[in-house]
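Novice: If you count by UniProt numbering, then the sequence shown holds residues 1 to 379, one letter each, in order. Quick one: the structure is below, questions incoming.
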Amino acid sequence: MKKHVIEAKQYLLNNYAQFNQPVNLNYSTKDATFKLLHKYYNIADRNLLKEGEILYETIYLSNDPAQKGWFTAATDSYLPPTPLGDPAPAQGIGRVLISKNKKFQAGEFFSGMVGWVSHNIVNPKSISAVIVDISKVSKLSDYLSVFGGTTLTAYLAAFKYSGIHPEDEGKIWLISGAAGGLGSALAQIVSKLFKPKLVLAIAGGSEKARYVESLGPNIKCVDYKSKSYNRDFRNALNGELIDVFVDQVGGSILNRAILHMRPFGRIVQSGAISGYNEVSDKDESFYNYPVVITKRLSIKGFVVLDHATEFSKIIRHLNELTRRGTLDISKFEETVAQATDDQFYKVPDLWNGIFEGVNKGKYITQVSNNNSRSRAVKL
Ligand SMILES: NC(=O)c1ccc[n+]([C@@H]2O[C@H](COP(=O)([O-])OP(=O)(O)OC[C@H]3O[C@@H](n4cnc5c(N)ncnc54)[C@H](OP(=O)(O)O)[C@@H]3O)[C@@H](O)[C@H]2O)c1
């Protein structure tokens with residue numbers, strides 16, 4: 001390939017996914033969910049970019065369960081459906097390679113809806129790009145983990161939606177999906193910033209359970225994949241009742257846990273991953289409505305994007321908490337899968353691993369190695 005030509009690899013949304021079925025990753029079928037496109041950008045061409053546009057390369061992709069919803073045609077969700085033929089939507093970190101936009105200089109990193117692309121040309125506004133300052137973090141991926149969407153969601157679940165004040169001592173919390181990006185951030189925040197009697201956490205596998213218990217004091221984590229799960233859950237509660245349940249999973253985990261809620265307790269529903277790929281059967285859908293009534297429970301769903309105006313304030317607070325050591329930055333674990341250069345084709349398969357629990361902490365795919373300030377912009 002000529003030096004002034006960049007080969008861009010882009011996964012386009014080819015067919016809408018169904019909400020309760022897995023995406024179709026068999027590219028030889030005509031209803032495959034994605035299609036891989038190769039595009040060639042001649043960077044010697046002065047007219048490659050229109051005024052206001054940038055050419056960027058993606059460094060990191062955030063692997064989010066929510067993307068399953070973004071791949072569907074749902075028109076009644078919190079984001080409009082992505083037009084077929086557009087890059088598959090994904091949050092991530094990009095780097096500006098060439099710019100005709102005064103606010104985005106070549107070499108700068110930004111976070112935004114970069115999509116499943118190795119390179120692309122856009123107006124940064126169209127992907128909600130925001131410049132990030134690599135000198136302010138220990139590594140670029142911190143902008144997806146410690147200071148990313150999952151931690152922001154965890155912070156809002158604890159401080160805004162739990163109904164519990166940090167000074168309310170001795171409460172019992174339950175957190176499902178506790179070894180993932182959101183759950184692990186939440187377990188640490190609750191354990192260290194609130195004064196809980198117990199943070200009962202749920203994760204898949206004993207190794208993940210030990211990791212969650214290492215996040216702070218008063219955390220007990222049970223393995224929902226273990227045969228003794230129900231007994232372990234009851235033993236961990238030791239006859240106590242749950243004041244607040246922050247649930248990422250739904251389904252059978254919710255149906256069972258709700259029986260242990262304290263009257264007038266609160267369920268913060270931030271996710272329901274058990275239903276994102278499955279055809280609902282009796283045990284996977286929520287059927288314990290009578291308990292909501294007899295225990296006079298509140299169930300509150302929320303979406304982090306509704307709080308965009310609060311993000312900078314929350315990030316300032318998180319910065320202060322990590323600088324002071326109140327939150328341990330080393331406990332914001334990341335699982336970083338590799339899809340650099342000719343491995344880019346793996347991006348959808350790697351993302352799909354989130355439904356198999358391949359990650360501990362925040363799950364990220366690395367698409368380019370140009371993730372440090374010292375590297376010159378490679379054109
Ligand atoms: N409301 C919002 O604004 C918002 C924002 C971010 C995320 N969320 C939601 O929060 C949840 C967690 O998101 P995340 O980004 O932090 O993902 P994540 O927890 O890092 O990854 C998902 C984890 O869910 C677990 N899982 C997958 N299928 C499951 C099943 N059928 N039953 C039980 N556990 C299952 C797996 O861990 P195990 O090995 O433990 O099974 C997997 O690692 C998702 O439901 C997501 O949609 C909501």
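From the three backbone atoms N, C-alpha and C, an ideal C-beta is built for every residue, glycine too. Note that the structure is predicted; figures quoted are calculated from it, not measured.
Does any heavy atom of ligand 1 sit closer than 7 Å to the C-beta of valine 303?
Specialist: Result yes, Cβ under 7 Å from ligand 1.
Novice: Flag valine 249 as yes when its Cβ comes closer than 7 Å to any non-hydrogen atom of ligand 1, and as no otherwise.
Specialist: Within the cutoff, so yes.
Novice: Taking valine 268 as part of the beta strand (DSSP E), name the residues at either end of that continuous run.
Specialist: It spans 261-269 - the beta strand (DSSP E) in which valine 268 sits, taken as one unbroken run.
Novice: Go ahead and pull the three-state DSSP assignment for threonine 153.
Specialist: It is helical.
Novice: What is the rounded straight-line gap between the Cα of valine 304 and the Cα of arginine 231?
Specialist: Whole-angstrom Cα-Cα distance: 34 Å.
Novice: Alpha carbon to alpha carbon, how far is leucine 84 from valine 212?
Specialist: Straight-line Cα distance between these residues: approximately 39 Å.
Novice: Just list the residues that DSSP pairs proline 87 with in beta bridges.
Specialist: In DSSP, proline 87 forms a bridge with Leu12.
Novice: Residues in its own chain within less than 6 Å of serine 298 by CB, not counting five upstream and five downstream?
Specialist: Same-chain partners within the cutoff: Arg266.
Novice: Once you ignore the five residues that flank serine 206 on each side, which residues in its own chain have a CB closer than 6 Å to its CB?
Specialist: If we look at serine 206 and ignore the five residues flanking it on each side, its Cβ neighbours are Asp223.
Novice: Assuming the contact rule is C-beta atoms closer than 8 Å, tyrosine 350 and threonine 365 should be a hit. Round their C-beta distance to whole Å, please.
Specialist: Going by the sequence as given, residue 350 is leucine instead of tyrosine. Going by Cβ atoms, the distance from leucine 350 to threonine 365 rounds to 5 Å, so yes, they are a contact pair.
Novice: For lysine 103, which of helix, strand or coil comes out of DSSP?
Specialist: DSSP places lysine 103 in coil when its eight states are reduced to three.
Novice: Can you tell me whether phenylalanine 264 is buried or exposed? The criterion is at least 16 other CB atoms within 10 Å of its CB, across all chains shown.
Specialist: By the neighbour-count rule (16 or more Cβ atoms within 10 Å), phenylalanine 264 is not buried but exposed.
Novice: Just to confirm my understanding: we take glutamate 175, look at its own chain, exclude 5 residues before and 5 after, and list those with CB closer than 6 Å. What are they?
Specialist: Contrary to the premise, residue 175 reads as isoleucine rather than glutamate in this sequence. Closer than 6 Å at Cβ, skipping near neighbours: Gly183, Leu186, Ala187, Ala201, Val246.
Novice: Put residue 380 into one of helix, strand or coil per three-state DSSP.
Specialist: Nothing in the structure corresponds to residue 380, since the chain is present only between 1 and 379.
Novice: Who are tyrosine 56's beta bridge partners in DSSP?
Specialist: For tyrosine 56, which the question treats as bridged, DSSP gives the partners Val96, Asn120.
Novice: Less than 7 Å between C-beta atoms, sequence neighbours within five positions excluded: which residues of the same chain meet that for isoleucine 314?
Specialist: Leu152, Tyr155, listed in sequence order.
Novice: If the criterion is Cβ atoms closer than 8 Å, does the pair phenylalanine 302 and tyrosine 161 meet it?
Specialist: In contact: phenylalanine 302 and tyrosine 161 (Cβ atoms closer than 8 Å).
Novice: Is there at least one non-hydrogen atom of ligand 1 closer than 7 Å to the beta-carbon of serine 270?
Specialist: True, at least one ligand heavy atom lies under 7 Å from that Cβ.
Novice: Could you check where the beta strand (DSSP E) with lysine 227 kicks off and where it finishes?
Specialist: Run containing lysine 227: none; DSSP gives neither H nor E here.
Novice: Could you spell out where the alpha helix (DSSP H) holding phenylalanine 311 opens and where it closes?
Specialist: Unbroken alpha helix (DSSP H) run through phenylalanine 311: 311-324.
Novice: Where does valine 244 fall in DSSP's three states?
Specialist: In the structure shown, valine 244 sits in a strand (DSSP, three-state: E or B).
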